[in-house]
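Notes follow the structure.
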Amino acid sequence: MLNQKKEAEQIQRQNNARININIANFIEGAENMEKEAGLCRAQEKGGEAKKRGGATRWSDAE
């Protein structure tokens, strides 16, 4: 019984780690999409987007 509990806890830790990785990847993807959208909007206005803290935002291009 103790072994089953330890195994279940190990599986839960692995699942939590996978979830955390998925969340981090989702956030990174969203940031990349925001950066790409800002660059596209800046190009539409005929200007260059300024970079602030590694991220490009539409407000920087105005």
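Here this note's numbering runs 2 ahead of the position in the sequence shown, where the first position is 1. All residues carry an ideal CB built from backbone N, CA and C; glycine is no exception.
Collapsed DSSP secondary structure at residue i in the structure displayed
i     : result
Lys47 : coil
Ala63 : Because the pLDDT at Ala63 is just 48, under 50, the model does not fix this residue reliably, and the value given afterwards should be weighed accordingly. Three-state DSSP puts Ala63 in a helix.
Met35 : helix
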